[in-house]
Amino acid sequence: MPRQSSHKASGGGSRKKSSAPKEQDAVEILKADHEKVMALFKQYQSASGGDQVSLAKQIFNELDIHTAIEEELFYPALREQADLKEIAELEADDSEALDAEDLSEEEDEDEETAAGAVELDQDTEEEGEDIITLAYEDHKAMKELIQELRRLEPSSDQYRDRLMELREAVIDHVGEEEDVLFPEAKLKLDTKKLGAEIVKRRSDLASSMAA
1 MPRQSSHKAS GGGSRKKSSA PKEQDAVEIL KADHEKVMAL FKQYQSASGG
51 DQVSLAKQIF NELDIHTAIE EELFYPALRE QADLKEIAEL EADDSEALDA
101 EDLSEEEDED EETAAGAVEL DQDTEEEGED IITLAYEDHK AMKELIQELR
151 RLEPSSDQYR DRLMELREAV IDHVGEEEDV LFPEAKLKLD TKKLGAEIVK
201 RRSDLASSMA A
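Following the UniProt record's numbering, the numbering of the sequence shown begins with 1 at its first residue and continues without gaps.
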């Protein structure tokens, strides 16, 4: 005997997916932003004329929203809750271990190594703070380039040069974030909660730009 369908008369057909919003991770959202912007740069390089103008505008708008979100939500959360020393250690890789090895060869080994360790801890924490400060400075440089680009003629050589300069700045900044800041955020932040805040803020920013 054929097996009867498990669907009830009231539903029939395929089961509908839940309408509940899916939680989004802040780091994954920001990574997706990076990927989208880099894809737009790639499209720009193979496009021409009006398509290039449109793609450049999309790049500027995406960066406007992305930098605002990071400055308003991501960086402050990282400064407040993350371990700045860990951030600096991620940045420095093995350099601190090499410094400690050099210190062990100094005279008065025990005393100087202890003093050096304290100094290294202080320097490392300051470097962690500096990495976040540098991220803000990267954003400032990118914003200045975007302002200049918006004033230039899109068909000019200067415009193309500045846009490629912006691309390189974005590549460098993305590398720093994804190698150093994002791993620390994954460890120390509630990235689901922050993700919800980012989604809401993105919607507000996109609406204000469209107005």
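Don't be surprised by glycine CBs; every beta carbon is placed ideally from N, CA and C. Treat the numbers as computed from the prediction; the structure is a model and nothing was measured.
task: Let me know if Glu177 comes out buried or exposed under the rule of 16 or more other beta-carbons within 10 Å of its beta-carbon.
output: Start at 1 with the first residue of the sequence shown, and residue 177 comes out as number 177. Label assigned to Glu177: buried.
message: Across the segment 63–73 and the segment 147–163, are there enough close Cβ pairs to call them in contact, namely three or more that are closer than 8 angstroms?
response: no
message: Less than 9 angstroms between the C-beta atoms of Lys188 and Leu40, yes or no?
response: Within the sequence shown, residue 188 is the residue found at index 188, counting from 1. Within the sequence shown, residue 40 is the residue found at index 40, counting from 1. It is not a contact, given that the beta carbons lie outside the stated cut-off.
- prompt: Buried or exposed: where does Gln45 fall if 16 or more other Cβ atoms within 10 Å of its Cβ makes it buried?
  reply: In the sequence shown, counting from the first residue as 1, residue 45 sits at position 45. The Cβ neighbour count for Gln45, taken over all protein chains shown within 10 Å, is under 16; the residue is labelled exposed.
query: Which residue comes first and which comes last in the alpha helix (DSSP H) that contains Val199?
result: The residue labelled residue 199 in the question sits at position 199 within the sequence shown. It spans 191–210 - the alpha helix (DSSP H) in which Val199 sits, taken as one unbroken run.
- request: Note down, in chain order, each residue of its chain lying with its Cβ closer than 7 angstroms to the Cβ of Glu148, except the 5 sequence neighbours on either side.
  value: Start at 1 with the first residue of the sequence shown, and residue 148 comes out as number 148. Excluding positions up to five away in sequence, the list reads Arg162.
field: Terminal residues of the alpha helix (DSSP H) in which Gln52 lies
entry: Numbered from 1 along the sequence shown, position 52 holds the residue referred to as residue 52. Looking at the DSSP string, the run of the alpha helix (DSSP H) that includes Gln52 is 49–69.
- prompt: Is the CB-CB distance between Glu165 and Leu145 below 9 angstroms?
  reply: Residue 165 sits at position 165 when you count from the first residue of the sequence shown. Residue 145 sits at position 145 when you count from the first residue of the sequence shown. Yes, these two residues count as a Cβ contact at 9 angstroms.
task: Note down, in chain order, each residue of its chain lying with its Cβ closer than 8 angstroms to the Cβ of Asp138, except the 5 sequence neighbours on either side.
output: One-based indexing of the sequence shown puts residue 138 at position 138. Counting only Cβ-Cβ distances below 8 angstroms, and skipping sequence neighbours, we find Ala169, Asp172, His173, Glu176.
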